[in-house]
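Colleague: This is the structure I want to talk about, given as structure tokens.
In structure tokens form, the structure reads like this:
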């Protein structure tokens, strides 16, 4: 019987069709990772559908064979494939771009082809006499090897025959760590850098490639060249599946629920029992929405289902992850773009294997293959960060509702300030409205003072300066929010009035005082801040307006002994950066935190006693 598969490749192209060889029939299924040929290169893709007949207009001979299949569970669930198709159709994009966005980069990026012996190859090894086939199989029985390493030692035609017979197969992306080992320590005809590398590897055995990258600049090209000549062997060692190493700390006491929380949970439990349903949890700040999420997740797990919790900003994940792990130990995975490729792939495998039943992450975590999904939570559903603005453009909140419908899962959209669309849908009955109108323990909402800046001079208003001084003298912590990076939004010449603009985008370049540079926050173009005007040669270049960098500088001038820290994408780029700043805030090592929207995303820090919004009406001039 013939079998054909539709394969989604992480490229800006539609899905392609391939023929399944006899050795893989019975193993291939929807959602599995496969290795296929495309334009002379081996590519990794995901199976989207199976068929016993070729697609219309193509014959069997027109279609290439699948070259290999990844072992282990499918990386996308069948319902997940439905979501990919719906998203491609709804957002008018190619299925390939959706696949690329949906899968972690450890899977979707093009990787070195690693070959391994198959069970059929192990049987053949026991029968084969001396010869090339036996040598290849023996080498791969010891450990999987890269195609480059094998091609340096054996004829390509021999390897091709072994692949066709199913005795060896591409391993597919493993998420393992590449290792390098010296095979033949040749001394002659080596470049100086290759010679240094060979000398270093002599007598050292296996060395992780990342260690070589630290020691030798540009070592990757030298390793590839030496591997192609058979001097080095490259292979991968699988990583153990493990949960993220995050400080969990002691469990917080479980509070007694308020009547409003009890009412919301009663209705949610009914939805979880029946399966499906979408809810808008409208709760004021401090009303206990997170506790409702936790109880709903516990109820979901008790029913043997999985849960997915989305947050708008990466900076929110460590705190929420810690809180969930305190209550649900050993079952929570973490997924966001500030993690390394290896960490994200490892977490994805944990979810696909069913070991992690709860996933917490930013918008890309929406596509995680949670088994038997029963609950999706979208915290701060109004937040614009749920909108992906590059590549495949989508709104994770809207896709979460579609995913819930496809999976038969309950969806909770939570917010203290719901989006107009969600609130309208709740009024119309498309979403069930759950109200949390009061804070826990009936605590009053903090007083708010609006300052008219027309009578003020400088970046910080007089009342805000006074409040900062008083708060600091009492030992309190403060957060200042301004959704604009840099020192000044633009640099202008006082002589000719010309602002300095990006050569690619025609928008003004932002001045960054710490690096004395001008940067475009759209395309990333940057240059050293000039001393003279490029237009007229004038020397009177001044920065107008202000960003987080200038606000932090003014606070440091106002409070010379205060510990002032900036938190924006210029200063915080990795998961460890986020955790370092948030830990410092939680442990009282920061007096004033100045930052963009990542500092005001639902953090819970009891020592924060003052919040200032600098230039609050700036957001009125920005699009939705």
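Residue numbers (the numbering used here): 43 to 666.
Just so it is clear, CB atoms sit at the ideal spot from N, CA and C, and this is done for glycine as well.
Just verifying my parser: in three-state terms, what is the DSSP assignment at residue 424?
Modeller: Three-state result, residue 424: coil.
Colleague: Compute the distance between the beta-carbons of residue 480 and residue 329, then report whether it is under 8 Å.
Modeller: It is a contact, given that the beta carbons lie within the stated cut-off.
Colleague: With 8 Å set as the bound, which would you pick, yes or no: does the beta-carbon of residue 535 sit closer than that to a beta-carbon of chain D?
Modeller: No chain D appears in the structure shown, which is made up of a single protein chain.
Colleague: How should residue 638 be labelled, buried or exposed, when 16 other C-beta atoms within 10 angstroms of its C-beta is the threshold for buried?
Modeller: With 16 or more other Cβ atoms within 10 Å, it is buried.
Colleague: Taking contact to mean at least 3 C-beta pairs separated by less than 8 Å, is the segment 494 to 513 in contact with the segment 651 to 661?
Modeller: Result yes; three or more Cβ-Cβ pairs closer than 8 Å.
Colleague: In this structure, does DSSP put residue 650 in helix, strand or coil?
Modeller: Reduced to three states, the DSSP call for residue 650 is strand.
Colleague: Using CA atoms only, rank isn't needed, just tell me which of 71, 65, 70, 85 is closest to residue 58.
Modeller: For the residues 71, 65, 70, 85, the minimum Cα distance to residue 58 belongs to 85.
Colleague: Report the three-state DSSP secondary structure of residue 75 (helix, strand or coil).
Modeller: Three-state DSSP puts residue 75 in a strand.
Colleague: Measure the CB-CB distance between residue 348 and residue 419 and report whether it falls below 8 Å.
Modeller: No, they are not a contact pair.
Colleague: The beta strand (DSSP E) with residue 84 in it runs from where to where?
Modeller: From DSSP, the beta strand (DSSP E) with residue 84 extends over 83 to 93.
Colleague: Anyone know if the C-beta pair for residue 502 and residue 452 falls short of 8 Å?
Modeller: Cβ distance not < 8 Å, so residue 502 and residue 452 don't count as in contact.
Colleague: At which residue ranges does the segment 564 to 619 contain complete alpha helix (DSSP H) runs of 4 or more residues, listed in the order of the chain?
Modeller: List check, alpha helix (DSSP H) in window: 590 to 600.
Colleague: For residue 531, which of 586, 355, 108 has the nearest alpha-carbon?
Modeller: Considering only alpha carbons, the answer is 586.
Colleague: Grouping DSSP H, G and I as helix and E and B as strand, with all else coil, what is residue 356?
Modeller: Note: residue 356 maps to helix in three-state DSSP.
Colleague: Let's test the definition: count the other Cβ atoms within 10 Å of the Cβ of residue 630 and tell me whether it reaches 16, buried, or not, exposed.
Modeller: Classification for residue 630: exposed.
Colleague: To the nearest angstrom, how far is the alpha carbon of residue 482 from that of residue 334?
Modeller: Their backbone Cα atoms lie some 12 Å apart in a straight line.
Colleague: How would you call residue 387, buried or exposed, if buried means at least 16 neighbouring beta carbons within 10 angstroms?
Modeller: Residue 387 should be labelled buried.
Colleague: Out of 309, 302, 340, 315, which has the shortest C-alpha to C-alpha gap to residue 325?
Modeller: Residue 325 has its Cα closest to that of 302, out of 309, 302, 340, 315.
Colleague: Let me know if residue 575 comes out buried or exposed under the rule of 16 or more other beta-carbons within 10 Å of its beta-carbon.
Modeller: Buried: at least 16 other Cβ atoms inside 10 Å.
Colleague: Residue 122 lies in the alpha helix (DSSP H); which residues open and close that run?
Modeller: Its alpha helix (DSSP H) spans residues 120 to 132.
Colleague: Out of 204, 129, 192, which one is the CA nearest neighbour of residue 166?
Modeller: Checked all of 204, 129, 192; the closest Cα to residue 166 is 204.
Colleague: Could you spell out the range, first to last residue, of the alpha helix (DSSP H) harbouring residue 269?
Modeller: Counting along the chain, the alpha helix (DSSP H) containing residue 269 begins and ends at 261 to 270.
Colleague: Consult DSSP for residue 523 and reduce its assignment to one of helix, strand or coil.
Modeller: Reduced to three states, the DSSP call for residue 523 is strand.
Colleague: Should residue 175 and residue 200 be called a contact, given that it needs their Cβ atoms to be closer than 8 Å?
Modeller: Yes.
Colleague: Excluding five sequence neighbours on each side, which residues of the same chain lie with their C-beta closer than 8 Å to the C-beta of residue 562?
Modeller: Cβ neighbours of residue 562 beyond the five flanking positions: 544, 546, 547, 549, 551, 552, 568.
Colleague: Provide the residue(s) that pair with residue 375 in DSSP beta bridges, ordered along the chain.
Modeller: Note: residue 375 sits in a beta bridge opposite 401.
Colleague: Considering residue 341, what are the terminal residues of the alpha helix (DSSP H) in which it resides?
Modeller: Taken as a continuous stretch (DSSP letters only), the alpha helix (DSSP H) holding residue 341 covers 331 to 344.
Colleague: Can you tell which of 433, 460, 389, 392 has its C-alpha closest to the C-alpha of residue 423?
Modeller: Selected option, being the one with the closest Cα: 460.
Colleague: Nearest CA to the CA of residue 366: which residue from 398, 498, 662?
Modeller: For residue 366, the nearest C-alpha among the options comes from 398.
Colleague: Could you tell me whether the segment 520 to 529 touches the segment 604 to 613, using the rule of 3 or more Cβ pairs below 8 Å?
Modeller: As far as the Cβ criterion goes, the segment 520 to 529 touches the segment 604 to 613, which means the pair count is three or higher.
Colleague: In angstroms, rounded to a whole number, what distance separates the CA positions of residue 445 and residue 123?
Modeller: In a straight line, the C-alpha of residue 445 is about 10 Å away from that of residue 123.
Colleague: Report the start-end ranges of each beta strand (DSSP E) in the segment 454 to 522 that is 3 residues or longer and not cut off at the edges.
Modeller: As far as the segment 454 to 522 is concerned, its whole beta strand (DSSP E) runs of at least 3 residues are 474 to 478.
Colleague: Quick one: what does DSSP say residue 205 is sitting in, helix, strand or coil?
Modeller: Residue 205 falls in the helix class under three-state DSSP.
Colleague: Residue 375 and residue 4 - do their beta-carbons sit closer together than 8 Å?
Modeller: Since the first and last residues shown for the chain are 43 and 666, residue 4 lies out of range.
Colleague: Taking residue 261 as the reference, give the member of 237, 244, 246, 108 with the closest Cα.
Modeller: Measuring from the Cα of residue 261, the nearest candidate turns out to be 237.
Colleague: Leaving out five residues before and five after residue 71 in sequence, what residues of the same chain have Cβ atoms less than 8 Å from its Cβ?
Modeller: Closer than 8 Å at Cβ, skipping near neighbours: 89, 92, 116.
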